[in-house]
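*Asks:* Mind having a look at this structure? Questions to follow.
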């Protein structure tokens, strides 16, 4: 009797969104979500989350510290569409509305172990001169009317250009573990 070998592998990811530097803003919170190919499926944990609101530290760095945990497991039959983590940072504008302060994305590291990454955060900017004028006149970057969210803004075809600021960075640590099963033998890589 022949036993069928498993046809999937697992990718377990745990870590945390540690901190960010947004010197010009305070009282920010972070959202994360994973995007991945059609062959991938989450099997355990949360594939999206929202942190608490944090204030800037009182030291020279003025870091916003979340230490927001991430723990998710995916399964797939091939590496095409390898998962990416998308971070979004939000905070209040002068009117108290929650507005986007930055988006960023990076692939989950391919090798197991502890990986610390710093993501440059991008801000959507309208390509319309009228919207640019309206935004500057109101002193607000209220993107609540935008239906696309971070995934639409980061994808092609969005009606916005993305501006990066080297002063807006987010740090996080991920510890991926791949469990590859072939011909009944478990290989850890």
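Numbering (mature numbering (1 follows the signal peptide of the UniProt record, and there is no 0)), first residue to last: -19 to -1, 1 to 170.
The beta-carbon is built from N, C-alpha and C at its ideal position, and this holds for glycine as well.
(1) Count the other CB atoms within 10 Å of the CB of residue 61; is the residue buried (16 or more) or exposed (fewer)?
(2) The beta strand (DSSP E) spanning residue 22 covers which residue range?
(3) Assuming residue 10 is part of the beta strand (DSSP E), what are its boundary residues?
(4) Note down the Cα distance separating residue 27 from residue 13, rounded to an integer number of angstroms.
(5) Residue 44 by DSSP, collapsed to three states: which one?
(6) Tell me which residues share the same chain as residue 152 and place their Cβ nearer than 6 Å to its Cβ, disregarding the 5 neighbours each side in the sequence.
(7) What span of residues does the beta strand (DSSP E) with residue 84 cover, start to end?
(8) Given a threshold of 16 other Cβ atoms within 10 Å of its Cβ, counted over all protein chains shown, does residue 57 qualify as buried or as exposed?
(9) Who are residue 39's beta bridge partners in DSSP?
(10) Name the DSSP beta bridge partners of residue 72, please?
(11) Looking at the secondary structure, which residues open and close the beta strand (DSSP E) in which residue 31 lies?
(12) Here's a check: name, in chain order, each residue in its chain whose Cβ is nearer than 8 Å to the Cβ of residue 46, leaving out the five neighbours to either side.
(13) Would residue 81 and residue 69 qualify as a contact pair, given that the criterion is a beta-carbon distance under 8 Å?
(14) Mind checking who residue -12 pairs with in its DSSP beta bridge?
*Replies:* So, from the data block:
(1) exposed
(2) 22 to 26
(3) 10 to 16
(4) Straight-line Cα distance between these residues: approximately 10 Å.
(5) It is coil, neither helix nor strand.
(6) -2, -1, 99
(7) 79 to 88
(8) Residue 57 should be labelled buried.
(9) Under DSSP, residue 39 takes part in no beta bridge, so it has no partner.
(10) Residue 72 pairs with 80.
(11) 29 to 31
(12) -2, -1, 35, 38
(13) Yes, these two residues count as a Cβ contact at 8 Å.
(14) Residue -12 is not bridged to any residue.
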